[in-house]
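Chains as they are written, first to last, in the working numbering: chain A, 9 to 305; chain B, 2 to 324; chain C, 1092 to 1565.
Reviewing the structure listed below.
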Amino acid sequence: MKNGLFRGKRAAKALAFVALLLVSALMLLPIVWGVFGSFRDYNDFSLYPGSFFPSDFDAFTLDGYIALFSKTEYIPNAANDWYPIWNWLLNSLIVSLRGSLLYLLVASLAAYAFVFLDFKYSDKIFVFLIATMTIPGVISTAPQLLNMNLLGFYKNLMGLIAPSMGGVYGVFLIRQFFLGIPKDLIENARMDGASNFKIYWKIVLPLGKSALFVQGLFGFMGAWNDVQWAQLIVGSADRSLWTLAYGLKVISDNSEAYESITLSLASAVIAMIPIFIVYLVAQRSIIEGVAHAGVKR
Amino acid sequence: MKEVTLREFATREERRKSSLFKAFSVGGFLGPYAICFALFFVFPLVFGVVMALCSFDGKTMFPSEFVGFANFEAVFTNPVLAKDFWGSVWNTLRFALIIVPLSILLPLGLALLINIKPPGYKFFRACIYLPGIFPLTATGLILLKMFDYHYGFFNAFFGLTLDWFGETWSAWLLIGYFCLWCGIGGNFIILCAGLENVDKSLYEAADVDGCGAFSRFLHVTLPGIKDQLFLCLFTTFIGYMNLYGQVYILASNTPDQDAMKSAIYRIQDMLLGSSKGYGYAAAMGICLGIIIIFISVIELIVTKERKGGHAHEERFVSWQKSR
Amino acid sequence: MENEVKMSPKEARAKLAETGNRLVDESIGSFLSLRHVEKVYPNGIKAVTDFNLEANKGEFVALLGPSGCGKSTTLRMIAGLEEISSGELYINKTYSNYLPSKERDIAMVFQTYALYPQMSVYDNIGFGLKMRHMKKEEIEERVHKAAEILDLGHLLDRRPKELSGGQMQRVALGRALVRQAGLFLMDEPLSNLDAKLRVQMRSEIIKIHKAAGATTVYVTHDQTEAMTMADKVVVMNRGYVQQIGSPMYVYEHPANLFVASFIGSPSMNILDGVLKGERVILEGGFSFPIGVKRAANYRALLESFRKKLEDLLKDPEGNAKAIADLAGSLKPSQKQEKKAQSFLSKFFKKKGEEEKEPTPYEALSALHEEYASLKEGELPIKVGIRPEDFYPEDDFRGFKASPVFRGSPDLVELLGHEFIVHLPSFGTMIELRITSHEVPVSGKSLGICFDLSKIHLFDPYSGMSLMDKEKENL
Chain A
9 MKNGLFRGKR AAKALAFVAL LLVSALMLLP IVWGVFGSFR DYNDFSLYPG
59 SFFPSDFDAF TLDGYIALFS KTEYIPNAAN DWYPIWNWLL NSLIVSLRGS
109 LLYLLVASLA AYAFVFLDFK YSDKIFVFLI ATMTIPGVIS TAPQLLNMNL
159 LGFYKNLMGL IAPSMGGVYG VFLIRQFFLG IPKDLIENAR MDGASNFKIY
209 WKIVLPLGKS ALFVQGLFGF MGAWNDVQWA QLIVGSADRS LWTLAYGLKV
259 ISDNSEAYES ITLSLASAVI AMIPIFIVYL VAQRSIIEGV AHAGVKR
Chain B
2 MKEVTLREFA TREERRKSSL FKAFSVGGFL GPYAICFALF FVFPLVFGVV
52 MALCSFDGKT MFPSEFVGFA NFEAVFTNPV LAKDFWGSVW NTLRFALIIV
102 PLSILLPLGL ALLINIKPPG YKFFRACIYL PGIFPLTATG LILLKMFDYH
152 YGFFNAFFGL TLDWFGETWS AWLLIGYFCL WCGIGGNFII LCAGLENVDK
202 SLYEAADVDG CGAFSRFLHV TLPGIKDQLF LCLFTTFIGY MNLYGQVYIL
252 ASNTPDQDAM KSAIYRIQDM LLGSSKGYGY AAAMGICLGI IIIFISVIEL
302 IVTKERKGGH AHEERFVSWQ KSR
Chain C
1092 MENEVKMSPK EARAKLAETG NRLVDESIGS FLSLRHVEKV YPNGIKAVTD
1142 FNLEANKGEF VALLGPSGCG KSTTLRMIAG LEEISSGELY INKTYSNYLP
1192 SKERDIAMVF QTYALYPQMS VYDNIGFGLK MRHMKKEEIE ERVHKAAEIL
1242 DLGHLLDRRP KELSGGQMQR VALGRALVRQ AGLFLMDEPL SNLDAKLRVQ
1292 MRSEIIKIHK AAGATTVYVT HDQTEAMTMA DKVVVMNRGY VQQIGSPMYV
1342 YEHPANLFVA SFIGSPSMNI LDGVLKGERV ILEGGFSFPI GVKRAANYRA
1392 LLESFRKKLE DLLKDPEGNA KAIADLAGSL KPSQKQEKKA QSFLSKFFKK
1442 KGEEEKEPTP YEALSALHEE YASLKEGELP IKVGIRPEDF YPEDDFRGFK
1492 ASPVFRGSPD LVELLGHEFI VHLPSFGTMI ELRITSHEVP VSGKSLGICF
1542 DLSKIHLFDP YSGMSLMDKE KENL
């Protein structure tokens, strides 16, 4: 009986292993193809029957990357454009980093007030904030665009950073984490003579590091990957103001000619690399962060 | 002035001072966020309503004239506008109806596999989540090239001559594939965590009660991850009502554009064009928002937990009386 | 008093500035003084009612009561972590109601120890001094001294998570000690420790209390801690102070039924009876004399309470607060299903309408009517007898023996040198603590008597005890 039980369990594990292996391969397949493709001579793509990997060693090339980072025109007939990819990278970095860090600061200060400063109606105000999360974002897309214009953030990287500053979700998540910090600790610090800001800086932030880190990661990834808002704010500006994610779309629009495939894939890889590095470093925190948001409400 | 004793005076002064100090510190901590919230959340929301009630002359980005509900009227009755917008809403809804169940069932299946905990499950989990973290434009670009008519890997490998992005049906098919490929990660992780959190002793109790694998899933697993399923349902649905990036990236060159536009795509087009359309865009945004709220409320009512009632209690009482 | 002299706000401002903008009351003799302190939460729940306490320098005061009795709230009000709704708090003659915690010259030990997880033991102990911008050398000196007293020297570089419960406790104590504060506040500091460590830490805390020479306010729900450590015990229940006194006094002269049944383990046996003449008749007809004088005193006690009710009810508006407070203090809590308290519930529940509570005025009127209708000849009474005041009939070692009654034990618990005997009698189950060489056997009849000079008499309605001196001279 016991043996049978274990055998059943092991069979299930083996089956699950095979199934997951297949699914994982399917998930990774396009990415692997893209990465290899970015190092592959364009003529190699059109061979019949198509091969997943470059067909031979001679097909390897760095031309796509070279073209991307130099201003030389790689494909004479199709792309009469140059892509200021360094600018895009930098813009994306500025927007993602500055946006996520600023929001972390603002949101964690607010979360501190909600958790550790007991003021009148704090609960009611918070419930109100949570309630606003149910309002669909579409409603404010158009007016937000004008709002940015009013503030002088139109065609400006600030216009990509500012709208996320008003977000409620981060405050909610950070507050959730702060609630787990023992109140005694804060009260003790208060009796030790620490001011609120000192408590925030010396006690709460060090203890909340992991939660803030996760929140920061999500902010970073959200800003890095955004296309829609970038199109509205900087899409009509000089292309040196574009972000990488939006720039890619234009590269792909300009890549009708079959010679440009290597270049497009190279640009996609460039856009994925920073995020991939973040994922490699913080994969556990990211997954735990998503899981946490889903389970503990 | 009224005479006071020293004690009364001191009480009053100190109370004033301490409440002032408290207000000051609350202001200091909450202030920055309050300003941001007002400026970047509340103001656009209110301003959106104003915009929807105004017309734009196309010269500046700002409203020129108050026109009441004319924009809404146009969205409903103007032959071109109404057809475009409601057509796109219909496209979006149809797509959501198909993709939302898939975006929950597929990750659920995968999460169940992960929950068996085969060797290396953490690695598989990371792999399945991976595509979703990249910019849509990057992953979309790879898909575009992979399914390219001329030199794409897919056509070449299978010997097909299908123009995937040229036909409406196949373009939507690929958009669906794109959405699943890059969009199930979040739900997948949430469901994994939900399964992880189901009380293990319940499974044991179900075994003792003689449950088979399926009834165990039905009576233990599903109720155990109910909250996560509902969370996924709501967020996924709202997410796909806001469908834009996937369509914009894969289908902006598909010939039949009317069949490819999602609702947000229409609004985005309006906002990218002359400011004459801003009033319509704002009105469309409000209409779409109301539709989203409406369907969410229906979902909420359908999935709401019902109270037990008193049926058993009443029958127990009558059973007691009958003896 | 100087502080009660009327003057113009301008003069008041000038006068206050002389004492550093703090109100100082030189007439206060004690170090810590709470006067009519109350706490009402924004949701209307009253946590503490009319709390009065004077504690001298060097005194160890224990706030004792069941959970939810308001003892922690009181401590937090003294600490400045909770705002005082009304009343006055003086620390070292200084009016401190609105003083920030850090300016109150207090140190506090929390139940959860509240050690900063990211700091070493040394930094944890020194943090409060650092926040006060003390010199590095001074901090080191003080931390080392505390480490010596508490034997923490070898742990100074560890993080809190590397410490055992007892060690964390000692660090928390050390942190309070280095502050050299005038007032130590401790919120159930031992409740997270196991029984053996608790006993050990008790003496540790007393040692520190004596070494620091500070006043200590110590919150606990454990009567053993309060009885063994404190100079002064404040027994609280549902926000009301029940009794203040030395541990010995509170044990021997409980002011009311609550204190009587809360303090002592096993708790005091409370028996229902009737006072006829000078004899108390218990259920089942067993009777014993209490002396003519005590009987008269008991009657006077009832009458005085009736009079008090009458006076209060004469002016419902003017005495609204007093009526509400008294009704609140008498109202039986939902948890307390003890016979001693449920007696009162009929006055606080309207018949027929279970949901609706009567107003304090209605409740007290009903109670007053009950008092007025009592017959002089046959007064209800509650008799309290501690388990150790019972003796086997042949081994009486008390002062004055009662008549003997018989019963057969339900259960006999052996505690080494003594037995706890559960004996059904007088319509209830009484517990006796007997030190006898003859082992009582359950089911076998026993002859028992008790010490008449040690019994306590209570008014069953108000719960008040007859606190007379008569029983000593009986």
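Idealized CB from N, CA, C, for every residue including glycine.
Next item on the list: Examine chain A for any beta-carbon lying closer than 8 angstroms to the beta-carbon of Tyr279 of chain B, and answer yes or no.
Entry: yes
Item checked: Among B:Cys288, B:Ser56, B:Phe158, nearest to Phe86 of chain B - alpha-carbon criterion -> B:Cys288
Checklist line | Alpha-carbon spacing of Arg292 of chain A relative to Phe124 of chain B, whole angstroms | finding: 11 angstroms
Note to self: Per DSSP, what are the beta-bridge partners of Glu1145 of chain C in this structure?
What the structure shows: C:Ser1124
Margin query: On the DSSP letters alone, give me the boundaries of the beta strand (DSSP E) that His311 of chain B sits inside.
Written below: Premise fails: His311 of chain B is in no beta strand (DSSP E) and is neither H nor E.
Checklist line | Ala1238 of chain C versus Gly1330 of chain C - alpha carbon distance | finding: Cα to Cα, the separation comes out at about 38 angstroms.
Check: Of all the options B:Ser216, B:Ser89, B:Tyr152, B:Cys180, which has the alpha carbon lying nearest to the alpha carbon of Tyr130 of chain B?
Finding: B:Cys180
Next item on the list: For the stretch 290-303 of chain A, enumerate the residues whose C-beta is nearer than 8 angstroms to any C-beta of chain B, in chain order.
Entry: Gln291, Ile294, Ile295, Val298, Ala299, His300, Ala301, Gly302, Val303
Next item on the list: Work out the CA separation of Val1152 of chain C and Gly1256 of chain C for me, nearest whole Å.
Entry: C-alpha separation (whole angstroms): 25 angstroms.
Checklist line | Through-space distance from Val114 of chain A to Val1115 of chain C, alpha-carbon basis | finding: 42 angstroms
Next item on the list: Would you mind sorting Asn196 of chain A into buried or exposed? The rule is 16 or more other CB atoms within 10 Å of its CB.
Entry: buried
Checklist line | Ser100 of chain A, DSSP secondary structure in three states | finding: helix
Next item on the list: Say whether chain B places a C-beta atom closer than 8 angstroms to the C-beta of Tyr1309 of chain C.
Entry: Judged by the 8 angstroms Cβ criterion, Tyr1309 of chain C is not in contact with chain B.
Next item on the list: Assign Trp209 of chain A to buried or exposed, taking buried as 16 or more other Cβ atoms, counted over all protein chains shown, within 10 Å of its Cβ.
Entry: Flag for Trp209 of chain A reads exposed.
Margin query: Assuming Ala34 of chain A and Val123 of chain A are in contact, meaning their beta carbons sit under 8 angstroms apart, how far apart are those beta carbons, in whole angstroms?
Written below: Reading off the sequence shown, one finds Leu at residue 34 of chain A, where the question assumed Ala. Rounded, the Cβ-Cβ distance is 44 angstroms, inconsistent with contact.
Check: Among the residues of its own chain, which have a CB less than 6 angstroms from the CB of Lys1430 of chain C, if the five just before and after it don't count?
Finding: The predicted position of Lys1430 of chain C is uncertain, since its pLDDT is 47 and thus under 50; a value taken from the coordinates is nonetheless stated next. Within the same chain, Lys1430 of chain C has no close Cβ partners at all.
Item checked: Any 3 or more C-beta pairs closer than 8 angstroms across the stretch 169-181 of chain A and the stretch 104-111 of chain A -> yes
Next item on the list: Give the residues of chain B in contact with Lys21 of chain A, contact being defined as C-beta atoms less than 8 angstroms apart.
Entry: Ile117, Lys118, Pro119, Pro120
Next item on the list: Return the chain-ordered list of same chain residues with a C-beta closer than 7 angstroms to the C-beta of Ala83 of chain B, the five sequence neighbours on each side being excluded.
Entry: Val76, Phe77
Note to self: Suppose the cutoff is 8 angstroms on Cβ atoms and the five residues either side in sequence are ignored; what does the same chain contact list for Leu142 of chain B look like?
What the structure shows: Answer for Leu142 of chain B: Ile250, listed in chain order.
Next item on the list: Would you identify the three-state DSSP class for Asn262 of chain A, choosing helix, strand or coil?
Entry: The DSSP-derived three-state label of Asn262 of chain A is coil.
Note to self: Please classify Tyr1186 of chain C as buried or exposed, where buried requires at least 16 other C-beta atoms within 10 Å of its C-beta.
What the structure shows: buried
Next item on the list: Can you give me, in chain order, the residues of the stretch 1163-1178 of chain C that have a beta carbon less than 7 angstroms from any beta carbon in chain A?
Entry: Ala1170, Leu1172
Margin query: If the criterion is Cβ atoms closer than 8 angstroms, does the pair Val5 of chain B and Ala1146 of chain C meet it?
Written below: no
Notebook entry, point to check: Relative to the C-alpha of Ala1492 of chain C, which residue among C:Gly1498, C:Ala1205, C:Tyr1482, C:Pro1500 is closest?
Noted result: Comparing Cα-Cα distances from Ala1492 of chain C to each of C:Gly1498, C:Ala1205, C:Tyr1482, C:Pro1500, the minimum goes to C:Tyr1482.
Check: Are there three or more Cβ pairs, one per stretch, closer than 8 angstroms when the stretch 220-235 of chain B is compared with the stretch 279-287 of chain B?
Finding: The stretch 220-235 of chain B, when compared against the stretch 279-287 of chain B, does not touch it at the 8 angstroms Cβ threshold.
Notebook entry, point to check: Buried or exposed: where does Asp1278 of chain C fall if 16 or more other Cβ atoms within 10 Å of its Cβ makes it buried?
Noted result: By the 10 Å Cβ count, Asp1278 of chain C comes out buried.
Next item on the list: Grab the span of the beta strand (DSSP E) containing Glu1469 of chain C for me, first residue to last.
Entry: 1469-1476
Note to self: In the DSSP output, what is Met62 of chain B paired with across the bridge?
What the structure shows: Paired residues: none, contrary to the question.
Notebook entry, point to check: Residues in its own chain within less than 6 angstroms of Gly45 of chain A by CB, not counting five upstream and five downstream?
Noted result: Within the same chain, Gly45 of chain A has close Cβ partners Leu273.
Note to self: Considering just the uninterrupted stretch of the beta strand (DSSP E) at Pro1483 of chain C, what are its terminal residues?
What the structure shows: 1481-1483
Next item on the list: Please list the segments of the alpha helix (DSSP H) lying wholly inside the stretch 134-170 of chain A, counting only runs of 4 or more residues, in order along the chain.
Entry: 149-158, 166-169
Next item on the list: Please name the residue, chosen from A:Ile281, A:Ser218, A:Met156, A:Pro214, that lies closest to Phe44 of chain B on a Cα-to-Cα basis.
Entry: A:Met156
Next item on the list: Mind checking the stretch 146-161 of chain B against chain A and listing, in chain order, the residues whose C-beta falls within less than 7 angstroms of any C-beta there?
Entry: The residues in question are Lys146, Met147, His151, Tyr152, Phe154, Ala157, Phe158, Gly160.
Checklist line | Integer Cβ distance of Gln1333 of chain C from Val1350 of chain C, believed to fall under 8 angstroms | finding: 5 angstroms
Check: Do Gly6 of chain A and Phe42 of chain B have their C-beta atoms closer together than 8 angstroms?
Finding: Because chain A in this structure spans residues 9 to 305, residue 6 of chain A falls outside the shown range and cannot be described.
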